[in-house]
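Working notes, structure below.
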Amino acid sequence: MERKVPIRTEKLRCRLGGREILHGVELLGRKGEFIGLIGPNGCGKTTLLRTIARVYRPSGGAVYLDGRALADWDTRAIARRMAVLGQERGASFDFPVLEMVRMGRYAHHGPLRPMGEADDRCCMRALAQVGMQAFARRSFASLSGGEKQRVLLAAVLAQQTELILLDEPTNHLDIGYQLMLLERVRQLPDVTVLASLHDVNLAARYGDRLLAMLDGRIVADGPPEAVLTPALLRQLFRVEARVERDPDSGRPQAVFLRHCQAD
Amino acid sequence: MCSHWTRSRYLLFCLAMVLLLGAVALLAISLGAVDLKPAWILQIVLNKLAGRDLFPPVWPDSAVSIVWELRMPKVVAAVCIGAALSVAGILMQALTRNPLADPYVLGISSGASAGAVAAMLFGGLPLVGRFSLQAGAFGGALLASLLVFLLAGAGRADTTRLVLTGMALAAVFQALTNLLIFLSPDSRKVSSALFWMTGSLGGVTWADIPLVCTVGLTGLLTAILASRPMDLLLMGEARAITLGVETVRLRRLLILLGSLLTGVMVSLAGAIGFVGLVVPHVARTLFGAAHRRLLPAAALMGGVFLLLADMLARMLARPEELPIGIVTALCGAPFFLWLLHKSRYRFGE
Numbered sequence: 001m002e003r004k005v006p007i008r009t010e011k012l013r014c015r016l017g018g019r020e021i022l023h024g025v026e027l028l029g030r031k032g033e034f035i036g037l038i039g040p041n042g043c044g045k046t047t048l049l050r051t052i053a054r055v056y057r058p059s060g061g062a063v064y065l066d067g068r069a070l071a072d073w074d075t076r077a078i079a080r081r082m083a084v085l086g087q088e089r090g091a092s093f094d095f096p097v098l099e100m101v102r103m104g105r106y107a108h109h110g111p112l113r114p115m116g117e118a119d120d121r122c123c124m125r126a127l128a129q130v131g132m133q134a135f136a137r138r139s140f141a142s143l144s145g146g147e148k149q150r151v152l153l154a155a156v157l158a159q160q161t162e163l164i165l166l167d168e169p170t171n172h173l174d175i176g177y178q179l180m181l182l183e184r185v186r187q188l189p190d191v192t193v194l195a196s197l198h199d200v201n202l203a204a205r206y207g208d209r210l211l212a213m214l215d216g217r218i219v220a221d222g223p224p225e226a227v228l229t230p231a232l233l234r235q236l237f238r239v240e241a242r243v244e245r246d247p248d249s250g251r252p253q254a255v256f257l258r259h260c261q262a263d
Numbered sequence: 001m002c003s004h005w006t007r008s009r010y011l012l013f014c015l016a017m018v019l020l021l022g023a024v025a026l027l028a029i030s031l032g033a034v035d036l037k038p039a040w041i042l043q044i045v046l047n048k049l050a051g052r053d054l055f056p057p058v059w060p061d062s063a064v065s066i067v068w069e070l071r072m073p074k075v076v077a078a079v080c081i082g083a084a085l086s087v088a089g090i091l092m093q094a095l096t097r098n099p100l101a102d103p104y105v106l107g108i109s110s111g112a113s114a115g116a117v118a119a120m121l122f123g124g125l126p127l128v129g130r131f132s133l134q135a136g137a138f139g140g141a142l143l144a145s146l147l148v149f150l151l152a153g154a155g156r157a158d159t160t161r162l163v164l165t166g167m168a169l170a171a172v173f174q175a176l177t178n179l180l181i182f183l184s185p186d187s188r189k190v191s192s193a194l195f196w197m198t199g200s201l202g203g204v205t206w207a208d209i210p211l212v213c214t215v216g217l218t219g220l221l222t223a224i225l226a227s228r229p230m231d232l233l234l235m236g237e238a239r240a241i242t243l244g245v246e247t248v249r250l251r252r253l254l255i256l257l258g259s260l261l262t263g264v265m266v267s268l269a270g271a272i273g274f275v276g277l278v279v280p281h282v283a284r285t286l287f288g289a290a291h292r293r294l295l296p297a298a299a300l301m302g303g304v305f306l307l308l309a310d311m312l313a314r315m316l317a318r319p320e321e322l323p324i325g326i327v328t329a330l331c332g333a334p335f336f337l338w339l340l341h342k343s344r345y346r347f348g349e
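If you're matching them up, the sequences are chains A and B in order. Under our numbering, the first residue of the first sequence is numbered 1, with each subsequent residue one higher. Under our numbering, the first residue of the second sequence is numbered 1, with each subsequent residue one higher.
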């Protein structure tokens, strides 16, 4: 393959609080791919995303953005390549909604260059994409959890990056907005998306590829029909499940039967 | 609640604050042991600024020295210090993402006092020459800032831990200050201790003004230039990084700038408390949390606030002059308690 690989990790390790959370994660995201990251609570999904986002420093291995080691990048240049929707909502602050979205434009402007009309158009378009344009002048703190999440997604869209990391983006959202959010992100042309998702069926429905994580390692990597199997679901979540093929999308979907003890 | 002031309305407010500042300054100069006519004051000041007699001097000669030599430098200093402490408060609040952070509450002012007293006692520091008092105060403030943020954990400091750490540090530095004063050959030990702990504009002369003005203005301008990344820092460390902010560098800048402003102001007037707490809060309720608008407005409001406090300090116990820190603490401390009581306080709400 000639093209540069948007995102790749090599034997990525990360220690937090003296405990190793990631034990050499190998991951590769191709251009335009939607990758669903699944795995049980505490398996290291968030840590992996945060290490890729350079919030945590790896204790070993490396992350490569466009084929160049992340450590060699300037912070603002990274933010022009990679946008992140994390799980933190922020507590002790309040900004107007439009201002929250404008923050996504910082990477393109830096501290001094003023934002222009083009930026405002971009931000309003991003708000429209998540159905929040009517809220532009409202206070962020006054929004519901789901509305906040959509505004934060708009900030990610306004950042206009080729790589998007989503950490449990569907939390706080009802099913309608869950589908809306994932569809919006999926529709972005040529954008590589790495999304951790609790809901394996959503991951299988939208992912071009699934990565299954367990105890800080990738244990399965492939197209949804290869990854989403009863055996893997038992290994990851200790559940009995039946996997069916959805006739509309052709994607595998799991029906969960019962919890089972670890073998 | 979230305010959406248009640009012109904001500028109008700032202009109004400048006019108010002028009016309060005039009033502040006219009040004192000897009351003077405001018209005289304006004419004396304009004569001095023009360097010649624009207005024929119809006032007694003593009026000139009272206005220009005694009261005017204090008024300028009050404005500078009020503005600088408000800006320092905003910097600390962005750094800790906590609206209760303030140089005085966090013990940084006390650190500056200790540094200043130490510099005074142990003589001039090399290199900094005649600025050794200010350099000592800056060093003390910087040490206190580093300690409070290391101990309480900048960026993820919960209020209880931050405030308690600040309280303990303030106690340590105040004890150090007092220890140094009482070991020193100073003949007015009690009043010196009171000066460093509560602050006073009593000893200000024109010679002090250039430095505090320069530092105050530089601090304000630098903070305004950093206002956008400061907004992002309020979103939390992780989000700020992924939005493109060099958070480590920004934190360093905020600590340095906050310590410089606090240190230099404390070296001139002692530890005047709570300005950096009250003023940013009021400014935020008017303009929201975005720093680009918050900083200039808060600086102006801080100037007015300290001028008013100075006036009160001189009126309450006429002809005695109260240390100005008593007045700011009397307004600020209850305000602090009220903020602490409001459990779910948010920036700009």
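All C-beta atoms, glycine included, are put in the ideal place defined by N, C-alpha and C. All figures in this text were calculated on a predicted structure; none of them were measured in a lab.
Inset, instruction - Could you confirm whether any beta carbon from chain A is found closer than 8 Å to the beta carbon of T242 of chain B? - result: yes
Inset, instruction - Measure the alpha-carbon distance for I21 of chain A versus T51 of chain A and round it to whole angstroms. - result: 11 Å
Inset, instruction - Go through the region 70-133 of chain A residue by residue and report every complete run of the alpha helix (DSSP H) that reaches 4 residues or more, in order. - result: 75-81, 97-102, 106-109, 117-129
Inset, instruction - Counting only the same chain and skipping the five closest in sequence on each side, list residues whose C-beta sits under 7 Å from that of C14 of chain A. - result: Closer than 7 Å at Cβ, skipping near neighbours: I21, L22, T47, T51, Y56, P58, S59.
Inset, instruction - Please state if the CB of R80 of chain A and the CB of T9 of chain A are separated by a distance shorter than 8 Å. - result: no
Inset, instruction - Using a Cβ cut-off of 7 Å, pull out every chain B residue sitting near T9 of chain A, in sequence order please. - result: Correct list: empty, because the minimum Cβ distance to chain B is about 17 Å.
Inset, instruction - Could you work out which residues of chain A lie near E246 of chain B, taking near to mean beta carbons separated by less than 9 Å? - result: D74, T75, R76
Legend entry - With 16 other Cβ atoms within 10 Å as the buried cut-off, status of H291 of chain B: buried
Legend entry - Extent of the continuous alpha helix (DSSP H) run through G17 of chain A: No alpha helix (DSSP H) holds G17 of chain A; DSSP gives it neither H nor E.
Inset, instruction - Take L11 of chain B and list the residues in its own chain whose beta-carbon comes closer than 8 Å to its own, dropping the five residues that flank it on each side. - result: Same-chain partners within the cutoff: there are none.
Legend entry - Residues that L112 of chain A contacts on chain B, provided the C-beta gap is smaller than 9 Å: L225, R228
Legend entry - Against chain A: residues of the region 137-171 of chain B by CB proximity under 8 Å: Here the close residues number zero.
Legend entry - Buried or exposed (CB count within 10 angstroms, at least 16 for buried), A77 of chain B: buried
Legend entry - The beta strand (DSSP E) enclosing A141 of chain B, as first and last residue numbers: From DSSP, A141 of chain B is part of no beta strand (DSSP E) but of the alpha helix (DSSP H) over 132-152.
Inset, instruction - May I ask you to list the residues that DSSP assigns as paired with R35 of chain A? - result: Strictly speaking, residue 35 of chain A in this sequence is Ile, with Arg absent from that position. I35 of chain A is bridged to A:L194, A:R209.
Inset, instruction - Kindly say whether Y106 of chain A, judged by its beta-carbon, lies nearer than 8 Å to any beta-carbon of chain B. - result: Yes, its Cβ sits closer than 8 Å to a Cβ of chain B.
Legend entry - Residues near P189 of chain A in its chain [Cβ-Cβ closer than 8 Å; skip 5 each side]: Answer for P189 of chain A: G32, listed in chain order.
Inset, instruction - Kindly provide the ranges of any alpha helix (DSSP H) runs that are 4 or more residues long and lie completely inside the region 239-296 of chain B, ordered along the chain. - result: 247-269, 275-287
Legend entry - Short-range partners of chain A found in the region 275-302 of chain B, where Cβ spacing is below 7 Å: G288, A289, A290
Inset, instruction - Consult DSSP for K11 of chain A and reduce its assignment to one of helix, strand or coil. - result: strand
Legend entry - Under the three-state DSSP convention, the category I218 of chain A falls into: Residue state, collapsed to three classes: strand.
Legend entry - Beta-bridge partners of S139 of chain A, as assigned by DSSP: A:P96
Legend entry - Q261 of chain A, enclosing alpha helix (DSSP H) - first and last residue: First-last for Q261 of chain A: undefined, no H or E at that position.
Inset, instruction - Note down, in chain order, every chain A residue with its Cβ under 7 Å from the Cβ of M72 of chain B. - result: Going along chain A, no residue has its Cβ under 7 Å from M72 of chain B, so there is no contact; the nearest lies around 36 Å.
Legend entry - Helix, strand or coil at P169 of chain A according to DSSP, with G and I counted as helix: coil
Inset, instruction - Kindly indicate which three-state DSSP category Q253 of chain A falls into: helix, strand or coil? - result: strand
Inset, instruction - Could you say which of A:D66, A:G18, A:R137, A:G61 lies nearest to T6 of chain B if we only look at CA atoms? - result: A:R137
Inset, instruction - Return the chain-ordered list of same chain residues with a C-beta closer than 6 Å to the C-beta of F195 of chain B, the five sequence neighbours on each side being excluded. - result: G270
Inset, instruction - Please report the Cβ distance between Q87 of chain A and E168 of chain A, rounded to the nearest whole angstrom; I am assuming they are in contact, meaning their Cβ atoms lie under 8 Å. - result: 6 Å
Legend entry - alpha helix (DSSP H) segments (min. 4 residues) lying fully within the region 10-60 of chain B: 38-50
Inset, instruction - Identify whether E225 of chain A lies in helix, strand or coil by the three-state DSSP scheme. - result: helix
Inset, instruction - Run down chain B in chain order and give the residues with a C-beta less than 9 Å from the C-beta of A53 of chain A. - result: A238, I241, T242
Legend entry - Residues near C122 of chain A in its chain [Cβ-Cβ closer than 8 Å; skip 5 each side]: R105, A158, Q160
Inset, instruction - Please confirm if the region 113-124 of chain B is in contact with the region 237-250 of chain B, defined as three or more CB-CB distances below 8 Å between the two stretches. - result: no
Inset, instruction - For chain B, find out if any of its Cβ atoms is closer than 8 Å to the Cβ of E147 of chain A; answer yes or no. - result: no
Legend entry - Amino acids of chain A, ordered along the chain, whose beta-carbon sits closer than 8 Å to that of A231 of chain B: According to the sequence as given, residue 231 of chain B is Asp; it is not Ala. Per Cβ cutoff of 8 Å: F95, E99, M103.
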